[in-house]
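Before any comments, here is the structure.
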Ligand code: NDP
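Residue numbers (my numbering): 262 to 570.
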């Protein structure tokens, strides 16, 4: 019985070290090194080559290295009986809350704008927003969205949340489904996307949604680049309907050098760093699931294949 790590472009050293610490003696293979495919029952993956896993006849579990699983669920060749798991980690969730909070604070007090003005030696005060006046709408009220919402609400922001199913979360106005979307967007001055990427949510941040936001609204996308229709965002910022965007995720990463987002004065680019998985922190739950698989017990943090998250 062996454990396979597949993470092209990501150095697996920290994962191997953490796995050896938490499960001494585990037989670990690292793709694409030579290994016996028949032996592998558990894989830890990030951006695996499409179609790879169909060649592992005894594979039972694919564990995502992070909270997102779209890199696994989008591979239609993964057999239906393979269990997919994700990471739920307090540290990851906390880091996301801090990042979104930082972006929100930057926006409401125009810190990036003043940095820009400073580079031009320009002294130009603008009126600022106060916390209680800035309604924040979070798309996706799962692990991350709920934590981000609670953090913002605790700091005095009026917060709205939108999910697929109905929810009751203290201090947050919640909406759900297509029928709740328009009301959720109304008065939302900062829209935060924390949806998983699925066929239903792909391209969701489009002109239609932006038009339903009030003039001057701001977009923070920390979910996936494929949620955003890029030319719609550029059009809506350039027309003055949106005041700008902070983007952490992109359709193609790293963002190409000639991409218009780099140079756009109202778009802030960060290199997918909102919340980064730390191997040492999440390996205990991976090892626990490995043990559970061996004992034929139900696993933790299982992805619902039909929902895609
Ligand atoms: P969860 O699976 O816990 O939550 C997903 C939420 O989205 C749920 O509330 C779900 O609704 C809602 N949702 C899903 N589909 C729809 C839909 N069609 N319409 C409305 N709501 C929908 O995910 P997490 O909170 O853990 O993570 C969210 C995403 O954040 C990840 O998938 C990943 O892409 C991104 N991420 C980005 C990072 C970064 O560094 N930039 C780091 C970590 C994660 P319901 O509750 O009703 O099911």
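Yeah, the Cβ is synthetic: ideal placement off N, Cα and C, and Gly gets one too. Since the model is a prediction, treat every value here as computed from it, not as a measurement.
For residue 438, is the classification buried or exposed, using 16 other Cβ atoms within 10 angstroms of its Cβ as the cut-off for buried? exposed
On the three-state DSSP scale, how would you describe residue 309? coil
Spatial distance of residue 322 from residue 380 (CA atoms): 52 Å
Host beta strand (DSSP E) of residue 435 (start-end): 433-437
Using 10 angstroms around the beta-carbon of residue 420, count the other beta-carbons present and answer buried if the total reaches 16, otherwise exposed. Its Cβ being crowded by 16 or more others within 10 Å, residue 420 is buried.
Continuous beta strand (DSSP E) stretch holding residue 400: start and end: 397-400
Since residue 490 and residue 467 should fall inside the 8 Å C-beta cutoff, what is the C-beta to C-beta distance between them, to a whole number of angstroms? 4 Å
Residue 429 to residue 474, Cα distance in whole Å? 23 Å
Out of 481, 392, 453, state which residue places its alpha-carbon closest to the alpha-carbon of residue 422. That would be 453, whose Cα lies nearest to the Cα of residue 422.
Where in the segment 361-414 do unbroken runs of the alpha helix (DSSP H), each at least 4 residues long, occur, reported from the N-terminal end onward? If only uninterrupted alpha helix (DSSP H) runs of at least 4 residues are considered, those enclosed by the segment 361-414 are 372-380.
I need the boundaries of the beta strand (DSSP E) containing residue 324, first residue and last residue. 322-325
Can you give me the start and stop residues for the alpha helix (DSSP H) that residue 282 sits inside? 274-283
Could you have a look at residue 541 and say whether DSSP puts it in helix, strand or coil? Three-state result, residue 541: helix.
Taking 7 Å as the line, does the beta carbon of residue 502 fall inside it for any heavy atom of the ligand MG? Ligands present in the displayed structure are limited to the ligand NDP, and the ligand MG is not among them.
Mind checking whether residue 417 and residue 393 have CB atoms under 8 Å apart? yes
With hydrogens ignored, establish whether the beta-carbon of residue 533 is closer than 7 Å to any heavy atom of the ligand NDP. yes
Let's see if you can read the secondary structure: which residues bound the beta strand (DSSP E) around residue 346? 344-346
What is the rounded straight-line gap between the Cα of residue 503 and the Cα of residue 274? 43 Å
Nearest-angstrom Cα separation, counted from residue 314 out to residue 337: 10 Å
Proximity test, residue 478 beta-carbon vs the ligand NDP heavy atom, cut-off 7 Å: no
Proximity winner among 479, 402, 263, 291, relative to residue 426 (alpha-carbon distances): 402
Chain-order list of residues whose beta-carbon lies under 8 Å from that of residue 296 (same chain, five-residue window excluded): The residues are 263, 265, 290.
Short check: CB of residue 481 to CB of residue 361, under 8 Å? yes
Taking C-beta to C-beta, are residue 348 and residue 413 nearer than 8 Å? Against a cut-off of 8 Å, the Cβ pair of residue 413 and residue 348 comes out as no contact.
Per DSSP, what kind of secondary structure is residue 551 in: helix, strand or coil? In this structure, DSSP gives residue 551 a helical state, which the three-state scheme calls helix.
Sequence-distant residues of the same chain with beta carbon closer than 6 Å to residue 535, five excluded per side: 357, 360, 483, 509
CB residue 446 to CB residue 470, shorter than 8 Å? yes
Quick check: residue 486 and residue 511, are their CB atoms within less than 8 Å of each other? A contact, by the Cβ cut-off of 8 Å.
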